[in-house]
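Colleague: Residues in the sequence shown are numbered consecutively from 1, following the UniProt record's numbering.
We treat Cβ as the ideally placed atom computed from N, Cα and C, and that holds for glycine.
Take this structure, written in structure tokens, and hold onto it; I'll ask about it next.
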Amino acid sequence: MSSTQNVKDTTMDQGFDLIDAAVTKLKRILEGKPEPAFESHEFTRNYTAVYNMCNQKPPNDRSQELYDKYIDHLHVRKLKEKQRRRLVGKENVRPMDNQTNVRAAKDALFFDVQDAMQKLKGLETEYSSSSEEFCYGLGETDEEDESI
1 MSSTQNVKDT
11 TMDQGFDLID
21 AAVTKLKRIL
31 EGKPEPAFES
41 HEFTRNYTAV
51 YNMCNQKPPN
61 DRSQELYDKY
71 IDHLHVRKLK
81 EKQRRRLVGK
91 ENVRPMDNQT
101 NVRAAKDALF
111 FDVQDAMQKL
121 KGLETEYSSS
131 SEEFCYGLGE
141 TDEEDESI
């Protein structure tokens, strides 16, 4: 995706490619591999892409697809954990090292942020509709009514 392309116009595949690239970069940094730190424009672009993917109006609403991918990720992580538990105790099998645990935690954190953003979207929608009802009579007082 070119740097001049508007992040709001990204397709689901482009958005996932952007997110996957960011996660891959984060993993490389955590593994101690040579990788430059995230710059502010990269962080902003990634956050904006996820936010925009979650805040589209139908038929372009991608929040359900993001949520489904998050759930799939959780299931895969759970299956890997079950497999690891089965293998521990067998000969010639090492338990997961610290880097792998940190990597799994970072992956989970990234997807938890996406889930939190989805919940925030719901709260924002709920708040905006309730605040409109609350502010409907704003500015009118009993004194104004009496003077009429």
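1. If contact is defined by three or more beta carbon pairs under 8 Å, each pair taking one atom from either stretch, is the region 30-46 in contact with the region 63-74?
2. Out of curiosity, what's the CA-to-CA distance linking Phe16 and Val88?
3. According to the neighbour-count rule (16 or more other Cβ atoms, all chains shown, within 10 Å of its Cβ), is Met12 buried or exposed?
4. In terms of alpha-carbon separation, which member of Arg103, Leu18, Gln14, Arg62 lies closest to Asp115?
5. Using a Cβ-Cβ cut-off of 7 Å (strictly less than) and excluding sequence neighbours within five positions of Gln56, which residues of its own chain qualify?
6. Report yes if the C-beta distance between Met117 and Val23 is below 8 Å; otherwise report no.
7. Whose CA, out of Val113, Phe110, Cys54, Phe111, lies closest to the CA of Lys121?
8. Leaving out the 5 sequence neighbours to the left and right, which residues in its chain are closer than 7 Å to Lys80 when beta-carbon positions are compared?
9. Looking at Ile19 and Asn46, is the spacing between their C-beta atoms short of 8 Å?
10. Please report the straight-line C-alpha distance between Lys78 and Arg85, rounded to a whole angstrom.
11. How should Leu123 be labelled, buried or exposed, when 16 other C-beta atoms within 10 angstroms of its C-beta is the threshold for buried?
12. Could you give the first and the last residue of the continuous alpha helix (DSSP H) run that contains Glu42?
13. Got a sec? Which residues, its chain only, sit under 6 Å from Ile29 by beta carbon, not counting five neighbours each side?
14. For Thr11, which of helix, strand or coil comes out of DSSP?
Modeller: Inspection of the coordinates gives the following:
1. Output reads no: the region 30-46 does not touch the region 63-74.
2. Using only the alpha carbons, I get a separation of about 34 Å.
3. Under this definition Met12 is an exposed residue.
4. Ranking Arg103, Leu18, Gln14, Arg62 by Cα distance to Asp115 puts Arg62 first.
5. Closer than 7 Å at the Cβ level, and outside the excluded window around Gln56, lie Arg62.
6. It is not a contact, given that the beta carbons lie outside the stated cut-off.
7. Per the C-alpha coordinates, the member of Val113, Phe110, Cys54, Phe111 positioned closest to Lys121 is Cys54.
8. Excluding the 5 residues flanking it on each side, Lys80 has no same chain C-beta neighbour closer than 7 Å.
9. Taking the C-beta atoms as reference points, Ile19 is found nearer than 8 Å to Asn46.
10. Going by the C-alpha atoms only, they are around 11 Å apart.
11. By the neighbour-count rule (16 or more Cβ atoms within 10 Å), Leu123 is not buried but exposed.
12. Segment 40-54, the alpha helix (DSSP H) holding Glu42.
13. Taken in chain order, the residues that qualify are Glu35.
14. Looking at Thr11 - three-state DSSP - the assignment turns out to be coil, as it is neither helix nor strand.
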